[in-house]
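**Student:**
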Amino acid sequence: MAHLYTPGLQVFEKTLVQKHRTLPIPGEVLVKTGDFVKAEDIIARTEIPNEVIELNIANLLSIEPEDIHDYMLKKEKEPVKEGEPLAVNKPLLKWFKKEIPSPIDGTVESINKVTGKILLRKPPRHVDLSGYLDGKVVEIEPNLGAMIECSATYIQGIFGIGGEQSGILEMVVASPGQPLEENMIKPEHAGKVLVGGSYLDEKSLKRAEEMGVKGLIIGGLDANCIKAWLGYEIGVAITGDEDVKTTLIVTEGFGEIAMAGRTFELFQAAQGKRVSISGRTQIRAGVMRPEIIIPLAEDKDSVVKSSDKSNEAGVKEGDIVRIIREPYFGMLGRIKSLPSELLLIETEAKVRVMEVTLDDGKIITLPRANIEIIEGINR
Amino acid sequence: MNKELNVIIATDCGSTTTKAILIEKMPNGEYRQTYRGEAPTTVESPYNDVTCGVLNAIAEIEELSGRKILDNEKIITPANGKNGVDIYISTSSAGGGLQMLVAGAVKSMTAESAQRAALGGGAIVMDILASNDGRLPHQKIERIRGFRPDMILLSGGTDGGTITHVVELAEYIAAANPRPRLGHTFRLPVIYAGNKSAREEVRKVLENIVDLVITDNLRPTLEVENLQPARQKIQDLFMEHVMAQAPGYGKLKTWVEVPIMPTPAAVGYLIEKVAKNLNINVIGVDIGGATTDVFSVFGEVFNRTVSANMGMSYSVSNVLAEAGVENVLRWVPFELTEKDVNNRIKNKMIRPTTIPQTMKELVLEQAICREALRLSFIQHKLLAVGLKGVQQSRSIADSFLQVESGQTLINMKDLDLLIGSGGVLSHAPRRVQSMLLMIDAFQPEGITRLAVDSIFMMPHLGVLAAVNETAATEVFEKDCLINLGTCVAIRGEGKYGQKCLDYRLDIAGKSSIEGSMTYGELVMHPLTLEEKAKITLSPAKGFDVGEGPGKSKETDIQGGVVGVVIDTRGRPLCLATDPAERIKQLNQWNQVMGMYPSF
Chain A
18 MAHLYTPGLQ
28 VFEKTLVQKH
38 RTLPIPGEVL
48 VKTGDFVKAE
58 DIIARTEIPN
68 EVIELNIANL
78 LSIEPEDIHD
88 YMLKKEKEPV
98 KEGEPLAVNK
108 PLLKWFKKEI
118 PSPIDGTVES
128 INKVTGKILL
138 RKPPRHVDLS
148 GYLDGKVVEI
158 EPNLGAMIEC
168 SATYIQGIFG
178 IGGEQSGILE
188 MVVASPGQPL
198 EENMIKPEHA
208 GKVLVGGSYL
218 DEKSLKRAEE
228 MGVKGLIIGG
238 LDANCIKAWL
248 GYEIGVAITG
258 DEDVKTTLIV
268 TEGFGEIAMA
278 GRTFELFQAA
288 QGKRVSISGR
298 TQIRAGVMRP
308 EIIIPLAEDK
318 DSVVKSSDKS
328 NEAGVKEGDI
338 VRIIREPYFG
348 MLGRIKSLPS
358 ELLLIETEAK
368 VRVMEVTLDD
378 GKIITLPRAN
388 IEIIEGINR
Chain B
1166 MNKELNVIIA
1176 TDCGSTTTKA
1186 ILIEKMPNGE
1196 YRQTYRGEAP
1206 TTVESPYNDV
1216 TCGVLNAIAE
1226 IEELSGRKIL
1236 DNEKIITPAN
1246 GKNGVDIYIS
1256 TSSAGGGLQM
1266 LVAGAVKSMT
1276 AESAQRAALG
1286 GGAIVMDILA
1296 SNDGRLPHQK
1306 IERIRGFRPD
1316 MILLSGGTDG
1326 GTITHVVELA
1336 EYIAAANPRP
1346 RLGHTFRLPV
1356 IYAGNKSARE
1366 EVRKVLENIV
1376 DLVITDNLRP
1386 TLEVENLQPA
1396 RQKIQDLFME
1406 HVMAQAPGYG
1416 KLKTWVEVPI
1426 MPTPAAVGYL
1436 IEKVAKNLNI
1446 NVIGVDIGGA
1456 TTDVFSVFGE
1466 VFNRTVSANM
1476 GMSYSVSNVL
1486 AEAGVENVLR
1496 WVPFELTEKD
1506 VNNRIKNKMI
1516 RPTTIPQTMK
1526 ELVLEQAICR
1536 EALRLSFIQH
1546 KLLAVGLKGV
1556 QQSRSIADSF
1566 LQVESGQTLI
1576 NMKDLDLLIG
1586 SGGVLSHAPR
1596 RVQSMLLMID
1606 AFQPEGITRL
1616 AVDSIFMMPH
1626 LGVLAAVNET
1636 AATEVFEKDC
1646 LINLGTCVAI
1656 RGEGKYGQKC
1666 LDYRLDIAGK
1676 SSIEGSMTYG
1686 ELVMHPLTLE
1696 EKAKITLSPA
1706 KGFDVGEGPG
1716 KSKETDIQGG
1726 VVGVVIDTRG
1736 RPLCLATDPA
1746 ERIKQLNQWN
1756 QVMGMYPSF
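Now the structure itself:
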């Protein structure tokens, strides 16, 4: 039977989720194998080198740069306190004595006799790494982090804004085709992750932030709305570091699009449960999609790792696919056939195509490039 | 390389696809590209080995050609009948290509020269640091640390000039202690190509922190730019240090007989060769999914720029952001709301591998393409300039002309050949679409030939040119380049309906075609590459076809798969401001050119 390789989003009711949690640079790991951690627990910690400040000692003391070492009171790598003298001149009369105090707490990074300048570095910044999801520590990467594992419902979105969050999941609409409106977001939603239906506008986004909502999950929204919310345009889909209080996850795409029925049902089943979400998206080589993880109290042996179920075998006739380009954008259908010959489409391009039967029984032909599989549905 | 090459296999490992081509010497002694195969690039998990994609692409050629090239995972050499190949060569831009930071003492002088050297070496320049770039030291240090480049090029000072500023920059690099993007264990390569007198001081500051390589000063005097040694070092280090850290490249390195070249460096090398061999001025453009590269050779001076976030898929939304919705919509001959355009483009950004299925979607993508090309070309003109800071001796006449140093080298009237490459141009359903997209974006003036790369094989031929120039040139002319035809365009501004050009086209063996055109028109006459033709142009007062305003011109002209396009829309090209009028205008032009079937 014909099949093809195609990208897809993962939607799994039960799967084994494993997350490598690593520090940006080596530090101290605070957990050990076998520990159970909560999403907000700190599992590793490190210090990142801080800002550097430049001081032109030669100018300040009116000396030649090459003589700088003769006037320095501190050596390279030596710690200093704010106000502590760093260098002093050697006048004949002590009235003319001039000391250069350190403007910061820190260390002397370097002393240069060519430029006559020194660099001072502020004390390091502390970086804490959280567990991100409720689960068990199954592996330690010495000095760098750990792998956390749990059985979970796992759903990928198509695009997100904002970083990692966790909170109680709550449905605020009754059906996947219902838009989420501003007045549906209430003060009691503070700290929660809300699931909407087909659409939300800029007012709802702002209201969610004001109410302290941790996350919003929605089928679609207008691209203009994101620009209005953030104050700038997203040019390339590399996100996750935006300065927002509410993480946004879009499951289908831009425009008003009903959330896929199965995705919506999985959220309905998770109403009231604690979830971990991340809006981080990277659509380049090494694709990263936003995700929603709903930990389950299940035995991990009864589920399969999501990575083991990747679509390496490709899709085949009979599989359910989502159409991801006009004129059928957002529709779901079942593959009827995968003809091998190239076919002329409306644009006059000759491309590989597939026949898809839509829910209403209509059979359409479309380029193979314009569908995605929904992993977890077909297998 | 002197050995005889009868069968050549070449690959280009791109970010998403690895493309292989087979080149064979025909019984008449000509080199021709015969088969092509492609497969997804495999530098990412779960494969983590670039050679898997290479083997898959070559296996496709084996199937199509019936030639046995692989013996398990080895390329059979030399060729013997229907077995094996004589040489395997490759280029690569996988894993994001070569990403560099450059630094120089003065932003518009040594830092700009360093930027040109890095771009010419095939890199994407992530940032340009200079002593006078307006940033505070800690901001510069944060920037260096934050980027994780593949390599840094440090320049600064003419020989015997400033030492202090160069050492200062070296100190910032040392304080940042930058980590390379690939490979956690190796030290970041830093090339020093600045003031000779500062070498020792730079060495003291950097040698224990980075992998320091010292080469000739790229700006030994203000009047001289010597980029070749730095460019060469960049390419050497690219393979030895950077790509060697990428998955599978250690193995791939042992398969090739000449070093793997960064893809843009190979394309640039080929364009330089073409311009030199034919003694013409050339502009080449390669528009990809994420980036657009522009190459130019004017008066034997080569320049390359890369617009890092100007592309047709991954960065399509950035094109919209940079150009503005109104500039994209001006090329669309039907009504579309701003909200609709935004949603469609963002949907392409999040699902970059989709293709237009309806004619309206194709028109919108081609509108975006025009803007991506236009903006990338503006960027190119800003960097392809004469050296700044050079003292000029002026005659009295010069002082009236107000010629400044650092002017752009790109003069569209002197452009002989414009070559387009990349999916949206190479695979446009109609060739005339590629031709008009390039005319609208680059706005050539006078008489200019246009061509497209048939199946994106310029990178392969670029690396082949380094091994066997004859083979590369023959395949380039016969299989790679599709001559579209010639564009004849007037320079000048006028009013719609104002008469601006009379012309006569004499095609050997056919009767003459005469025409009279008003401002704002497009005309197309079929003319094949084989036909010999002469064109006589008589512009009205105030309009220029290359000889000066109002001056006539008579010249031989070359055809192609499209023919001759005569463009009296003026330069700069302006469209009607009234939306209904603009749509009427676009529809007229599209109809004359045969751009689209009716929709």
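If you read the sequences in order, they're chains A and B. Counting along the first sequence from 1, when you hit position 74 you're at 91 in the working numbering, and nothing is skipped either side. Counting along the second sequence from 1, when you hit position 263 you're at 1428 in the working numbering, and nothing is skipped either side. Beta carbons: idealized from backbone N, C-alpha and C, even for Gly.
Using a Cβ-Cβ cutoff of less than 6 Å, which residues in the same chain neighbour residue 273 of chain A once the five nearest sequence positions on both sides are dropped?
**Tutor:** Answer for residue 273 of chain A: 215, 216, 237, listed in chain order.
**Student:** Going by C-alpha to C-alpha distance, which of B:1450, B:1521, B:1496 sits closest to residue 1745 of chain B?
**Tutor:** Ranking B:1450, B:1521, B:1496 by Cα distance to residue 1745 of chain B puts B:1496 first.
**Student:** Taking its Cβ as the centre, do 16 or more other Cβ atoms sit within 10 Å of residue 149 of chain A, making it buried, or is it exposed?
**Tutor:** Result: buried.
**Student:** Return yes when the Cβ of residue 1201 of chain B is within less than 8 Å of the Cβ of residue 1185 of chain B, no when it is not.
**Tutor:** Against a cut-off of 8 Å, the Cβ pair of residue 1201 of chain B and residue 1185 of chain B comes out as a contact.
**Student:** Look at the alpha carbon of residue 1222 of chain B and the alpha carbon of residue 1428 of chain B, and state the distance between them as a whole number of angstroms.
**Tutor:** Cα to Cα, the separation comes out at about 17 Å.
**Student:** Please confirm if the segment 1592 to 1606 of chain B is in contact with the segment 1692 to 1708 of chain B, defined as three or more CB-CB distances below 8 Å between the two stretches.
**Tutor:** Flag = no, the segment 1592 to 1606 of chain B and the segment 1692 to 1708 of chain B do not touch.
**Student:** Would you report the Cα separation of residue 1114 of chain B and residue 1394 of chain B, rounded to the nearest angstrom?
**Tutor:** Beyond the ends of chain B as shown, which are 1166 and 1764, falls residue 1114 of chain B; an answer cannot be given.
**Student:** According to DSSP, simplified to helix, strand and coil, what is residue 1739 of chain B?
**Tutor:** Of the three classes helix, strand and coil, the one that applies to residue 1739 of chain B here is coil, per DSSP.
**Student:** Expressed to the nearest angstrom, what Euclidean distance is found between the alpha-carbon atoms of residue 174 of chain A and residue 391 of chain A?
**Tutor:** Cα to Cα, the separation comes out at about 11 Å.
**Student:** In chain order, which alpha helix (DSSP H) runs of at least 4 residues are fully inside the segment 1488 to 1551 of chain B?
**Tutor:** Entirely contained in the segment 1488 to 1551 of chain B, the alpha helix (DSSP H) runs reaching 4 residues are, in chain order, 1490 to 1494, 1503 to 1515, 1524 to 1548.
**Student:** Quick check: the segment 1285 to 1298 of chain B against the segment 1260 to 1272 of chain B, are there 3 or more CB pairs under 8 Å?
**Tutor:** The answer is yes - the segment 1260 to 1272 of chain B touches the segment 1285 to 1298 of chain B, with three or more Cβ pairs under 8 Å.
**Student:** Please confirm if residue 77 of chain A has its CB atom under 8 Å from at least one CB of chain B.
**Tutor:** It does not: the Cβ of residue 77 of chain A has no partner Cβ on chain B nearer than 8 Å.
**Student:** Can you give the beta carbon distance from residue 32 of chain A to residue 249 of chain A, rounded, assuming they're within the 8 Å contact cut?
**Tutor:** Not confirmed; about 36 Å, so no contact.
**Student:** Find the nearest neighbour of residue 121 of chain A within the set A:210, A:108, A:57, A:139, judged by alpha-carbon distance.
**Tutor:** The candidate whose alpha carbon is nearest that of residue 121 of chain A is A:139.
**Student:** Quick one: which unbroken beta strand (DSSP E) runs of 3-plus residues sit fully inside the segment 212 to 275 of chain A? Chain order, please.
**Tutor:** Runs of the beta strand (DSSP E) inside the segment 212 to 275 of chain A: 232 to 238, 264 to 271.
**Student:** Excluding sequence positions up to five away, which residues of its chain have a Cβ less than 6 Å from the Cβ of residue 116 of chain A?
**Tutor:** Once the five neighbours on either side are set aside, the close Cβ partners of residue 116 of chain A are 102, 105.
**Student:** Under 7 Å from any heavy atom of the ligand HEM, does the C-beta of residue 1598 of chain B make it?
**Tutor:** Of the ligands one can find in the structure shown there are none, so the ligand HEM has no counterpart to examine.
**Student:** Any beta carbon from chain A within less than 8 Å of residue 1340 of chain B's own beta carbon?
**Tutor:** Yes - at least one Cβ of chain A is within 8 Å of the one on residue 1340 of chain B.
**Student:** At 7 Å on the CB atoms, spell out the chain B contacts of residue 29 of chain A, in chain order.
**Tutor:** By Cβ distance, chain B contributes nothing, its closest Cβ being about 18 Å from residue 29 of chain A, past 7 Å.
**Student:** Quick one: what does DSSP say residue 1477 of chain B is sitting in, helix, strand or coil?
**Tutor:** Three-state DSSP puts residue 1477 of chain B in coil, outside helix and strand.
**Student:** With DSSP as the reference, label residue 1206 of chain B as helix, strand or coil.
**Tutor:** Looking at residue 1206 of chain B - three-state DSSP - the assignment turns out to be coil, as it is neither helix nor strand.
**Student:** Contact between the segment 1353 to 1367 of chain B and the segment 1381 to 1388 of chain B: three or more CB pairs below 8 Å?
**Tutor:** The answer is yes - the segment 1381 to 1388 of chain B touches the segment 1353 to 1367 of chain B, with three or more Cβ pairs under 8 Å.
**Student:** Going by DSSP in three states, residue 1601 of chain B sits in which element: helix, strand or coil?
**Tutor:** The answer is helix: DSSP assigns residue 1601 of chain B an H, G or I state.
**Student:** How big is the Cα-Cα spacing for residue 258 of chain A and residue 69 of chain A?
**Tutor:** Going from the Cα of residue 258 of chain A to the Cα of residue 69 of chain A covers about 23 Å.
**Student:** In the DSSP output, which residue or residues are listed as bridge partners for residue 188 of chain A?
**Tutor:** A:212.
**Student:** Is residue 1226 of chain B helix, strand or coil when you go by DSSP?
**Tutor:** Residue 1226 of chain B: helix per DSSP, three-state reduction.
**Student:** What does DSSP give as the partner residue(s) for residue 1175 of chain B in the beta ladder?
**Tutor:** In DSSP, residue 1175 of chain B forms a bridge with B:1186, B:1254.
**Student:** Which first and last residues belong to the alpha helix (DSSP H) in which residue 1591 of chain B is found?
**Tutor:** From DSSP, the alpha helix (DSSP H) with residue 1591 of chain B extends over 1588 to 1591.
**Student:** Please compile the residues from chain A whose C-beta is within a distance smaller than 7 Å of the C-beta of residue 1486 of chain B.
**Tutor:** 250, 252, listed in chain order.
**Student:** Taking only three categories from DSSP, how would you classify residue 384 of chain A?
**Tutor:** Looking at residue 384 of chain A - three-state DSSP - the assignment turns out to be strand.
**Student:** State the DSSP-derived secondary structure class of residue 29 of chain A, mapped to helix, strand or coil.
**Tutor:** If DSSP states are grouped into helix, strand and coil, residue 29 of chain A belongs with the strands.
**Student:** Checking the sheet assignment: what are the DSSP bridge partners for residue 123 of chain A?
**Tutor:** Residue 123 of chain A pairs with A:97.
**Student:** Have a look at residue 1377 of chain B and residue 1442 of chain B and give me their C-alpha separation to the nearest angstrom.
**Tutor:** Taking the straight line joining both Cα atoms gives about 37 Å.
**Student:** Between residue 357 of chain A and chain B, is any beta-carbon pair separated by less than 8 Å?
**Tutor:** Answer no: the Cβ-Cβ gap between residue 357 of chain A and chain B never drops below 8 Å.
**Student:** Which bits of chain A does residue 1527 of chain B rub up against, with CB to CB less than 7 Å?
**Tutor:** Result: 364.
**Student:** Can residue 75 of chain A and residue 293 of chain A be called in contact, C-beta distance under 8 Å?
**Tutor:** Going by C-beta atoms, residue 75 of chain A is not nearer than 8 Å to residue 293 of chain A.
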